[in-house]
Each structure stands twice: as C-alpha cells, then as structure tokens.
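Novice: In this note's numbering, the protein residues as written are 177 to 377.
Beta carbons are placed, not taken as given, at the ideal position from N, Cα and C, and that holds for glycine.
These figures come from a predicted structure and were not determined experimentally.
1. Do you know offhand how far residue 372's Cα is from residue 337's?
2. What are the partner residues of residue 293, as DSSP defines its beta bridges?
3. Less than 7 Å between C-beta atoms, sequence neighbours within five positions excluded: which residues of the same chain meet that for residue 367?
4. What separation, rounded to the nearest whole angstrom, lies between the Cα atoms of residue 275 and residue 288?
5. In the structure shown, what three-state DSSP assignment does residue 463 receive?
6. Could you round the C-beta distance between residue 270 and residue 247 to whole angstroms and report it? I think they count as a contact, below 8 Å.
7. Determine the extent of the alpha helix (DSSP H) in which residue 207 is found, giving its start and end residues.
8. Just to confirm, are residue 294 and residue 357 a CB contact at a threshold of 8 Å?
9. Start and end of the alpha helix (DSSP H) containing residue 276?
10. Check whether the Cβ atoms of residue 267 and residue 282 lie closer than 8 Å to each other.
11. According to DSSP, which residues form a beta bridge with residue 214?
12. Going by the beta-carbon positions, is the gap between residue 189 and residue 284 smaller than 8 Å?
13. Could you pull out every residue in the same chain whose Cβ sits closer than 6 Å to the Cβ of residue 277, ignoring the five residues on either side in sequence?
14. For residue 360 versus residue 298, is the C-beta distance shorter than 8 Å?
15. Counting C-beta neighbours from all protein chains within 10 Å, is the total for residue 258 16 or more, i.e. buried, or is it exposed?
16. So what does DSSP say about residue 243, is it helix, strand or coil?
17. Check this for me: beta carbons of residue 286 and residue 260, under 8 Å apart or not?
18. Grouping DSSP H, G and I as helix and E and B as strand, with all else coil, what is residue 306?
19. How many whole angstroms separate the CB atoms of residue 255 and residue 221, which I take to be in contact at a CB cut-off of 8 Å?
20. Applying the criterion that 16 or more other CB atoms from any shown protein chain within 10 Å of the CB defines a buried residue, is residue 363 buried or exposed?
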C-alpha cells in the first residue's frame with residue numbers, strides 16, 4: 177500500500193464471489209492494524225447470523241469480534257471519534273447509504289475496509305458495491321475455486337430456487353463457479369420449471 181501522509185483517510189474494498197476469502201482478508205487486515213496498536217471497530221449487518229451473532233467468521237473459521245448494526249447509518253453513529261480503522265463485512269446486505277457513510281468516515285480521517293459480494297446470484301452488479309468500487313482508493317478482487325472444474329471462480333451459484341435477491345446462506349445453498357460453469361438461474365428454473373414473474377427469454 178502506498179505511503180499516506182498526514183491524517184488522511186481512505187476506502188479499501190475487498191470484493192469477489194462467495195468462498196473467495198473476502199472475510200478472511202478483512203480479518204487479516206484488521207488484525208495487522210491491531211498489532212500496530214491502532215484503534216479498530218468492526219461492523220456486520222444484523223441479517224447475517226450464519227456463523228455467529230457477534231463475530232465476523234470466515235468460511236475457513238477465522239473470526240474477529242464485531243458490532244452488529246441494522247443499517248449503514250448505525251455504523252456512522254457508532255464509530256468512536258478516536259477510532260482509526262473501521263472494518264465492514266457483507267456490504268451487500270447494507271442499504272445504499274453505506275456509500276455515503278464510508279465516504280464520510282474517510283473524510284474524517286478513518287481507514288475504511290469494506291468486504292462484500294460484487295455480483296448477485298444472477299451475475300448482476302450487487303449494490304452498493306459498484307458505487308463503493310468507484311470511490312475507493314484501493315480495490316482487491318478475490319477469486320474462489322470453481323467446484324465443477326477447478327478454474328478460478330468469479331461467480332456465486334445459487335443452488336436453491338428463489339427469486340429473492342438476498343437469501344442468506346452458506347455452502348448448503350451456494351457454491352463458487354467459474355465463468356464457463358456458472359448458470360445464472362436456479363437449477364430448477366434452468367431445467368424448465370417456471371417461477372412467478374418469469375418472462376420468456
């Protein structure tokens with residue numbers, strides 16, 4: 177990372193598919209900040225309670241304590257003025273205001289580290305990540321391993337039938353797929369089943 181002079185904040189975004197190590201990388205950076213004796217606060221969305229109520233937990237079972245918040249504004253209201261580093265996991269579960277919150281924290285001199293999915297289960301840009309990528313100083317794109325062929329995976333394959341954009345789950349509901357193996361419709365739909373709202377392709 178480039179050397180930054182003075183009390184200037186910035187935004188780092190860690191993005192990619194599920195199972196690509198986003199949370200693990202976030203935890204690694206937060207722990208390095210703690211080793212450097214920097215004041216750190218870490219946040220996760222209330223909706224994500226897959227592995228723990230009050231910790232960020234990676235799929236490789238690394239974990240770090242976190243504060244649970246309901247929306248992006250709660251983060252801004254919870255950050256202590258003395259905090260130097262702010263970590264935010266599962267950004268795709270937050271509202272669009274997360275962009276303004278991260279920007280505000282960076283202007284206040286905080287180092288803001290955000291991790292989240294950049295694509296949804298259909299392969300579409302997953303807000304608010306695209307806007308965060310546009311204003312971030314540093315971007316890290318993580319790749320998983322395709323469970324079908326072993327190639328680098330950039331997509332999250334949903335294994336259940338649902339038209340909801342946000343369905344919280346882990347390996348029982350999702351798997352990593354490469355560009356070639358990714359099927360941007362649930363398996364039941366791809367096989368010919370129709371779900372409400374489907375339109376002819």
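Specialist: Checking against the coordinates, here is how it stands:
1. With a pLDDT of 37 at residue 372, under the threshold of 50, the predicted position of this residue should be treated as unreliable, and no value is reported.
2. 192
3. Reliability fails at residue 367, whose pLDDT of 44 lies under 50, so the model's placement of it is uncertain and the value that follows must be treated cautiously. Closer than 7 Å at Cβ, skipping near neighbours: no residue.
4. 11 Å
5. Residue 463 is absent from the structure shown; the chain starts at 177 and stops at 377.
6. 7 Å
7. 198–211
8. no
9. Unbroken alpha helix (DSSP H) run through residue 276: 274–283.
10. no
11. By DSSP's assignment, residue 214 forms no beta bridge with any residue.
12. No, these two residues do not count as a Cβ contact at 8 Å.
13. 248, 251 and 252
14. yes
15. exposed
16. Of the three classes helix, strand and coil, the one that applies to residue 243 here is strand, per DSSP.
17. With respect to the 8 Å criterion, residue 286 and residue 260 are classified as neighbours on the basis of their beta carbons.
18. helix
19. Wrong, their Cβ atoms sit about 16 Å apart, outside the cutoff.
20. With a pLDDT of only 48 at residue 363, under 50, the local geometry of the prediction cannot be trusted, and no value is derived from it.
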